[in-house]
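Chemist: Take a look at this one; I'll ask things after.
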Amino acid sequence: MTKAIELNKDIDEARQGEATVIATNKKTVGRKLYVESYGCAMNFADSEVVASILTEKGYATTADVDEADIILINTCSIRENAESRVRKRLTNFKNRKKRQPNLVVGILGCMAERLKTSLLEEEKLVDLVVGPDAYRDLPGLIEEVEGGQKAVNVLLSREETYADITPVRLDKKGISSFVSITRGCDNMCSFCVVPFTRGRERSRDPQTIYNECKELLASGYKEVTLLGQNVDSYRWNMTSKGEIKDSSKPTTNFAQLMEMVAGISPELRIRFSTSHPKDMTDEVLEVIAKHDNICNYIHLPVQSGNSDVLKRMNRGYTREWYIDRVNAIRRIIPDCAITTDIITGFCDETDAEHEDTMSLMREMKWDFAYMYKYSERPKTLAERKFEDNVPDEVKGARLTEVIDLQQKNSLEINQRQIGNINKVLIEGTSKKSEDFLSGRDDHNTKVVFPKGNFGKGDYVMVKIKDCTTATLLGEVVEILESTN
Ligand code: 5AD
Ligand code: SF4
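In terms of the working numbering, the sequence shown opens at residue 70 and continues consecutively.
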């Protein structure tokens, strides 16, 4: 019997991934499961762990929410609007329960952890609440719900990395996959809810990461993205102070982990996210420069261009430090795309402080930026310490300025690519036209070109002829490898 899990993309929040469907061949115990994911790449990766845990137990899975007996929503709490969208979705399901009383609705991920039992007991929107470190418990918890009880596990763990679980791949393209290398975050940026919802930072055994990447390549994948809230703080067998935990065993830092994974095969492209300006070392940059198969692409969130705002944000670096790190990237990896995250209207942000973000944008010329209005999150340091006192219109006006400037910068950067020949990994047919294919180059920029005698999973050299702010358009001049 063929079953499928659908992974829905929350367009606004999702950084990567597409609505995807997978067919599995496990024995079913009959109840049909549907999983929907919102938020960051880590949630998409976690849904694959959840799918693995439940298909192992024989749950039947479906891509059609209408035929589901069990609906699991993997949620995001990073901004208020991310949560509102999930609430709306849950309200729809609550109405459906009137027609289908046996329907089980569960909430996973950050909202589960943040709101704990309130969605279950007070708002009565769900039957099941499972936090990001408790997915191994899902089969038992679902059974409890099916037996007529409500079930909750929101315990955070200092150890859980799901290292031994081989995720069920939900990316229907079968070309690119996420691989988690750390969980949680110890940084406590004052605006951020993640340390509260995902707990303490812990790194996954490097050998299991290596094995997972190797297996992905063997099953046809061509690209892996190593994921962590702060990949630069990856460390195995080391304390946060750099002391060795067990002297009889080797230690591994992020640079060494990348070196290991890059060595699997020149055919496997390596990406990673997210880098942190305070922790990104020259050693990591040198490993990127040394390996052709590690993409010249670094996502390095700045958040603000003003050092006082950065201090209030508890980011652990100044504007000058950030510039120094970008200079190091430019020096060690001359042709490297750098993208960033920017928040407008953080607590007490003045016009002059906002202007510093604008001037840094002009100076850094990031290839791309994810830009947000500040959204106060309960329990965070900022919520406790500062007033959310920048009026919404001002936040919005500053955001518009930031977006307009970024669009201008992105277009300028893309225009400079015209005439270049870029190596592209083909991901599939272009969304806009059946006659075109689309893929990504080394800089993670989308490249679209006419169909030819090549397809998904092939590496091709594309001559860039034109561009928009977000896409390069070109023609294939050479096929490097064909899997067809
Ligand atoms: N409000 C707005 N944006 C936020 N981010 C994190 N927390 C908030 C918040 N409370 C943004 C940051 C981070 C990205 C993942 O989301 O820019 O880098
Ligand atoms: Fe949040 Fe900062 Fe950790 Fe990123 S590094 S997850 S912004 S606390």
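Glycine is no exception: its CB is placed at the ideal position from the N, C-alpha and C atoms.
Can you tell which of Thr514, Asn306 and Val223 has its C-alpha closest to the C-alpha of leucine 207?
Modeler: Checked all of Thr514, Asn306 and Val223; the closest Cα to leucine 207 is Val223.
Chemist: Using 8 Å as the Cβ pair cut-off and three pairs as the minimum, do the region 475-484 and the region 441-461 touch?
Modeler: Flag = no, the region 475-484 and the region 441-461 do not touch.
Chemist: Tell me proline 519's beta-bridge partners as DSSP assigns them.
Modeler: In the DSSP output, where bridge partners are listed per residue, proline 519 has Phe505.
Chemist: Please check the pair phenylalanine 415 and methionine 382, which I expect to be a contact at CB under 8 Å, by giving their CB distance rounded to whole angstroms.
Modeler: Their Cβ separation, rounded to whole angstroms, is 6 Å, which keeps phenylalanine 415 and methionine 382 in contact under 8 Å.
Chemist: Decide if glutamate 432 is buried, meaning its Cβ has at least 16 other Cβ atoms within 10 Å, or exposed.
Modeler: By the neighbour-count rule (16 or more Cβ atoms within 10 Å), glutamate 432 is not buried but exposed.
Chemist: May I have a chain-ordered list of the alpha helix (DSSP H) segments no shorter than 4 residues that lie completely inside the region 100-150?
Modeler: Entirely contained in the region 100-150, the alpha helix (DSSP H) runs reaching 4 residues are, in chain order, 110-125.
Chemist: With a threshold of 7 Å (Cβ to nearest heavy atom), would glutamine 169 be considered close to the ligand SF4?
Modeler: Checking the Cβ of glutamine 169 against the ligand SF4 gives no.
Chemist: Per DSSP, what kind of secondary structure is cysteine 405 in: helix, strand or coil?
Modeler: It is coil, neither helix nor strand.
Chemist: Please list, in chain order, all residues of the same chain as isoleucine 392 whose beta carbon is under 6 Å from its beta carbon, the five residues on each side excluded.
Modeler: Once the five neighbours on either side are set aside, isoleucine 392 has no close Cβ partner at all.
Chemist: Return yes when at least one heavy atom of the ligand SF4 lies under 7 Å from the C-beta of histidine 368, else no.
Modeler: Every heavy atom of the ligand SF4 is 7 Å or more from the Cβ of histidine 368, so no.
Chemist: Helix, strand or coil for leucine 542? Go by DSSP, reduced to three states.
Modeler: Leucine 542 falls in the strand class under three-state DSSP.
Chemist: To the nearest whole angstrom, what separates the beta carbons of asparagine 458 and aspartate 417, a pair I think is in contact under 8 Å?
Modeler: Confirmed, about 6 Å.
Chemist: Does the Cβ of alanine 287 have 16 or more other Cβ atoms within 10 Å, making it buried, or fewer, making it exposed?
Modeler: By the 10 Å Cβ count, alanine 287 comes out exposed.
Chemist: Check whether the Cβ of cysteine 258 sits closer than 7 Å to any heavy atom of the ligand SF4, and report yes or no.
Modeler: Cysteine 258 Cβ: within cutoff of the ligand SF4.
Chemist: Who are the Cβ neighbours of lysine 96 in its own chain at under 6 Å, not counting the five residues just before and after it?
Modeler: Here lysine 96 scores only 35 on pLDDT, less than 50, and its place in the model is too uncertain to base an answer on.
Chemist: Are the beta-carbon atoms of leucine 295 and valine 330 separated by less than 8 Å?
Modeler: Contact: yes.
Chemist: Of all the beta strand (DSSP E) runs that stay within the bounds of the region 439-494, which reach a length of 3 or more residues?
Modeler: The region 439-494 contains no whole beta strand (DSSP E) run of 3 or more residues.
Chemist: Between arginine 485 and valine 516, what straight-line distance do the alpha-carbon atoms span, to the nearest angstrom?
Modeler: Their backbone Cα atoms lie some 14 Å apart in a straight line.
Chemist: State the start and end residues of the unbroken alpha helix (DSSP H) segment that holds valine 378.
Modeler: Its alpha helix (DSSP H) spans residues 376-381.
Chemist: I'd like to check one pair, lysine 520 with aspartate 504: are the Cβ atoms closer than 8 Å?
Modeler: Contact flag set, yes.
Chemist: Taking the alpha-carbon positions, what's the glutamate 456 to lysine 167 distance?
Modeler: Approximately 42 Å between the Cα atoms of the pair.
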